[in-house]
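Asks: Protein chains in written order, with my numbering: chain A, 199 to 630; chain B, 199 to 630.
Positions of the beta carbon are idealized from the N, C-alpha and C atoms, including for glycine.
Here's a structure for you.
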């Protein structure tokens, strides 16, 4: 596709939706990407940049250069422009700021002052505001005469008091359904939930989900209206948030399939190192029972079964617990009930698998006592998995440590140590 | 809170937002819940039901009874009503259908005919449609004179051709910004992406995310407009989808922290049973080398380290792969590059940890050869983790098997078997 006639390529590309164009750029190798960008250059649709994966933005923006970026930023909506701008290098930012009109410069600089991942970074600055004393007719006339300033589509009007604090909002359909003489205040949704500009985006997303909001006004510390967050901004936040939990539970911090081998190796190393520490701890437990193992080497064969069953049962519990915590389902009495329930589930499955594994071990090694030992160890370990699979994430959450990151390390340490100790300890007592 | 004066309770409750009321119901025990519902009875806000966790709906609907449900359904939006209705038992459905007006009955029955989790179940039936020949003025007049039929707020007008196929949509703000004489067709967004009524909701969500849609028309097999899906319906789909992957990777199928112990035990049993099979397989590999173990019991102590490091490195890769597949990032050449990259990352981390673990083992057991054996095994196993951590999910996806469910079982089987085989096999060769 890439090699060959430049004209044909740019023709094909001009027909692509900006989102598909962004996908195309993402799927290319860095060299191909630079080549393609060089070719299409000035004709690149600004929208493409807002669809681009954030890890690729740096790469693409280096290729484009400050002048081109300035051109593009002028044509994006305020929230998309800020999102792209915040990913630029310090140097490029300064260069770009020098090239954009003063109004956009001010918006970008203000935007960067809000904390990362806050409502201030998420919001759109374009809000259509009307005074409380207007009628439907006056509102329509105002909109018709200010057509040029309101290029973009919007869905709600906001009404503010004289100090610019939001009083409420009016869905556009209500303006259209009513006669010209109707006062705007009669159509108002009052008691609108305002979002402070510094609120974390996860909390904003929670408000939207909890109260099925479509949009919310964003206010500064003086409660003045500064922007509006809409539900389409929230979709990405919600997805990122859940995805974050998923990745952390899997022991990875990056989503990026495009990053380099070296970078990925480094980012995974830490997690594996922590895990090595816990694995050594488990081995130390086995080491205590070296004498026991020497007398009955069959026990070594069964060790992975004990560890694996405990680990998996615990992972199930941790997964449910981490999600329940993220969804704020474990407050007050619910948390108590959840711990009890998971403990009971662990014990129940413990008994079931004790029977099963005990039988297998008995038949395999022709010794009923080995069956008894592994059965008892299974019950103890799966009960521990249920109990600690809930207690660990809940405790971490209380200590303000992200349970998605740390829970599984702690948990497998517990199930390995408890499992090996129970199994080999009981073996030493019963078998020898 | 619950015991005591009924009046005070219902007063407190009437001030709650329906979403918070739903949360309150969820956090109560079944007995308390029934009591509270009995007390507030007729005054229950219909909206509460649409906020309720779907697992609790059955419980709550049994308590409410058919008459009360019919009252509630009449007052919900068509998509919320259908969502609640589809969770009812067969018996309750029939009773409720007999009690609702014929228009609602038809909508509910039609809705149920669409496949589960399809666009048809998600969409709203209320769409405001205007003919292509109207002007802005005629549209506004129509809306003013049909005020009663358009009780609900909406954000886009749809324009259809004479056969009721959607031609495009018009954001309301454009209608307000233009003079009465402007033809409606001048304001049209053409080339709107229609969604077939049977399309799976995950695919609908993908379209919305990919093209940043705010709403999309839903069409039947004759391409006639039957409803509209809006972005607020999609937020839940996106969250569920990612959550589903998270839970499946954790080996659980249910999110529900409210379900009973017995149910949960049963649902987790299957996964653990599969896992037991793979653990036994790993044990069989150890069994092959029983003679080797007898001569050097120290090897048994190191087994968990080999298994755990391979398992964790593989889980990291699988997690990234499952997400990348869900986000459709691994098409064509990208998949090839991803496999190569993960293999290299595995080898790189393999060498790092080989050095580290080899040193630890040497010092621990005072035998450099043990260090060499575990180091080599580590490299082999982590390379296998990188390779199979990508190949397994990608192959499963090609076979139309959900990679989130099955990948980690296959993967840990591979890393256990490869790890134990490499470690004990090399030990038999080098050490003895």
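#1: Nearest to residue 495 (chain A) by alpha carbon, out of B:488, B:499, B:501 and B:500?
#2: Less than 9 Å between CB atoms is the rule here; does residue 316 (chain B) satisfy it with respect to chain A?
#3: Under a Cβ-count criterion, where at least 16 other Cβ atoms within 10 Å of its own Cβ denotes burial, should residue 373 (chain A) be classed as buried or exposed?
#4: Could you check whether the Cβ of residue 469 (chain B) sits closer than 9 Å to any Cβ belonging to chain A?
#5: Is residue 543 (chain B) close to chain A? Criterion is C-beta to C-beta, closer than 9 Å.
#6: Check the Cβ of residue 459 (chain A) against every Cβ in chain B and list those closer than 8 Å, keeping chain order.
#7: Run down chain B in chain order and give the residues with a C-beta less than 8 Å from the C-beta of residue 259 (chain A).
#8: List the residues of chain B whose Cβ lies closer than 7 Å to the Cβ of residue 491 (chain A), in chain order.
#9: Do you know how far the Cα of residue 449 (chain A) is from the Cα of residue 370 (chain A)?
#10: Distance, Cα to Cα, residue 517 (chain B) vs residue 395 (chain A)?
#11: CA-CA distance, residue 332 (chain A) and residue 382 (chain A)?
#12: Please tell me whether residue 232 (chain A) has its Cβ less than 9 Å away from any Cβ of chain B.
#13: Between which two residues does the alpha helix (DSSP H) carrying residue 367 (chain B) extend?
#14: Taking a cut of 7 Å between CB atoms, which residues from the segment 429-451 of chain B lie near chain A?
#15: At a cut-off of 8 Å, is residue 365 (chain A) close to the ligand COA when judged by its beta-carbon and the heavy atoms of the ligand?
#16: So, using beta-carbon positions, are residue 628 (chain B) and residue 558 (chain B) closer together than 9 Å?
#17: So for residue 459 (chain A), helix, strand or coil by DSSP?
#18: Quick check on the DSSP output: the alpha helix (DSSP H) that includes residue 292 (chain A) runs from which residue to which?
#19: Residue 338 (chain A) versus chain B: which residues are under 7 Å apart at the beta carbon?
#20: Using beta carbons (cut-off 9 Å, strictly below), is residue 377 (chain B) in contact with chain A?
#21: Can you look up residue 360 (chain A) in the DSSP assignment and give me helix, strand or coil?
#22: Taking 7 Å as the limit between beta carbons, can you name the residues of its chain near residue 261 (chain B), skipping five residues before and five after?
#23: Would you mind reading off the limits of the alpha helix (DSSP H) that contains residue 412 (chain B)?
#24: Residue 600 (chain B) touches chain A at which residues, Cβ-Cβ below 8 Å?
#25: Between the C-alpha atoms of residue 275 (chain B) and residue 290 (chain B), what's the straight-line distance to the nearest angstrom?
#26: May I ask you to report which of helix, strand or coil DSSP gives residue 284 (chain A)?
#27: Quick check on the burial criterion: 16 or more other C-beta atoms within 10 angstroms. Buried or exposed for residue 521 (chain B)?
#28: In chain order, what are the residue ranges of uninterrupted beta strand (DSSP E) at least 3 long that sit wholly in the segment 289-348 of chain B?
#29: Counting pairs of beta carbons, one from the segment 533-544 of chain A and one from the segment 581-594 of chain A, are three or more of them closer than 8 Å?
#30: With DSSP collapsed to three states, give me the class of residue 623 (chain B).
#31: Is the segment 247-265 of chain B touching the segment 543-557 of chain A, taking contact as three or more C-beta pairs under 8 Å?
#32: At the 9 Å Cβ level, is residue 550 (chain A) part of the contact set with chain B, yes or no?
#33: If you measure from the beta carbon of residue 327 (chain B) to each beta carbon in chain A, is any gap under 9 Å?
#34: Can you tell me whether residue 367 (chain A) is buried or exposed? The criterion is at least 16 other CB atoms within 10 Å of its CB, across all chains shown.
#35: In chain B, which residues lie less than 9 Å from residue 507 (chain A) when you measure between Cβ atoms?
#36: For residue 345 (chain B), go through chain A and note every residue whose CB falls closer than 8 Å to its CB, in chain order.
Replies: So, from the listed chains and residues:
#1: B:488
#2: no
#3: buried
#4: yes
#5: yes
#6: 539, 542, 543 and 546
#7: Those do not exist, as residue 259 (chain A) stays about 20 Å from chain B at its closest Cβ, beyond 8 Å.
#8: 495 and 498
#9: 46 Å
#10: 34 Å
#11: 6 Å
#12: no
#13: Careful: residue 367 (chain B) lies outside any alpha helix (DSSP H), inside the beta strand (DSSP E) at 364-369.
#14: 429, 430, 432, 433, 436, 437, 440, 441, 443, 444, 445, 447, 448, 449 and 450
#15: Within the structure as shown, the ligand COA is missing, as the structure has no ligands at all.
#16: no
#17: helix
#18: 288-295
#19: 374
#20: yes
#21: coil
#22: 232 and 235
#23: Run containing residue 412 (chain B): none; DSSP gives neither H nor E here.
#24: Result: empty, since nearest Cβ-Cβ is about 15 Å, beyond 8 Å.
#25: 20 Å
#26: helix
#27: buried
#28: 327-329
#29: yes
#30: helix
#31: no
#32: yes
#33: no
#34: buried
#35: 470, 473, 474 and 477
#36: 375 and 376
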